[in-house]
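Just below is one structure, and these are the notes that go with it.
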């Protein structure tokens with residue numbers, strides 16, 4: 036099983052670099068805004084990957100490189116059995132992964148709990164990088180930015196994660212509640228398309244907010260699409276209390292390292 040996991044990772048790396056080299060080399064990228072924030076200029080990519088969502092081990096690893104072919108970010112998606120996730124935590128010291136598909140975006144090549152897909156101080160499981168079972172079906176699957184298609188705009192680029200070609204277990208086509216058990220998977224298979232497009236107008240270090248209220252995978256909430264943004268919440272590391280992030284927090288390159296988030 037372990038050999039299979041690494042084969043998947045190797046295959047994805049080869050596919051990603053193949054895309055970089057064949058279709059993206061030499062692409063012109065406007066850099067005015069991105070360079071003003073010192074963000075690396077990324078190569079555009081697009082690749083589609085089959086994901087067995089009821090597998091004991093789910094592991095996808097997609098590098099994002101700059102125009103000089105240097106790896107700047109890693110998109111890592113994992114999920115599976117409790118036993119596998121415990122192995123991952125021992126090997127990587129990352130404790131955020133859950134049984135369902137969860138994607139984390141890290142700067143550089145080290146895998147960590149500090150996901151750049153987080154719009155504030157929340158943990159990765161509470162970001163839009165978490166594809167919970169209930170968020171994929173029915174009205175929740177169609178809900179903008181929290182369903183099957185999610186876009187993350189940050190650091191001079193846009194990352195799009197989209198699931199399609201779903202295979203659903205017979206009798207489970209309609210979500211009826213939270214799918215937290217590692218033995219339950221309503222959606223058993225999907226194709227994930229990962230795309231990256233440079234967007235020099237995006238200046239924030241953390242993702243821009245999507246413009247829609249999170250329905251949290253609840254069927255009734257998904258039935259009505261609500262526009263707007265919830266407050267960004269930050270943790271005060273001195274008191275451990277949660278409060279609204281100060282203005283401009285999303286432009287800080289490493290906001291989570293600010294001891295008191297701007298408090299004097």
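Residue numbers (my numbering): 36 to 299. Yeah, the Cβ is synthetic: ideal placement off N, Cα and C, and Gly gets one too. None of the values given here were measured: they were computed from a predicted structure.
If you compare the alpha carbons of 225, 278, 248, 191 with that of residue 286, the shortest gap goes to 191. The DSSP-derived three-state label of residue 138 is strand.
With respect to residue 201, residue 225 sits close: the two C-beta atoms are nearer than 8 Å. When the five nearest sequence neighbours on each side are left out, the beta carbons in the same chain lying within less than 6 Å of the beta carbon of residue 187 are those of 152, 194, 242, in order along the chain.
In the structure shown, the three-state DSSP call for residue 182 is coil. Residue burial annotation: residue 73 is exposed, with fewer than 16 other C-beta atoms found within 10 angstroms of its C-beta. Shortest Cα-Cα distance from residue 280 to any of 86, 272, 268 involves 268. Taking a 10 Å sphere around the C-beta of residue 169, we find 16 or more other C-beta atoms and assign the residue as buried. No residue range can be given for residue 171, since it is assigned to no alpha helix (DSSP H) and is classified by DSSP as neither H nor E.
By the Cβ neighbour-count rule, residue 176 is buried, with 16 or more other Cβ atoms within 10 Å of its own.
Across the structure, residue 79 and residue 240 are spaced so that their CA atoms are roughly 19 Å apart.
Runs of alpha helix (DSSP H) with 4 or more residues, each lying fully within the segment 68-147, are found at 117-127, listed in chain order.
When DSSP reads this structure, residue 273 sits in no beta bridge, so it has no partner.
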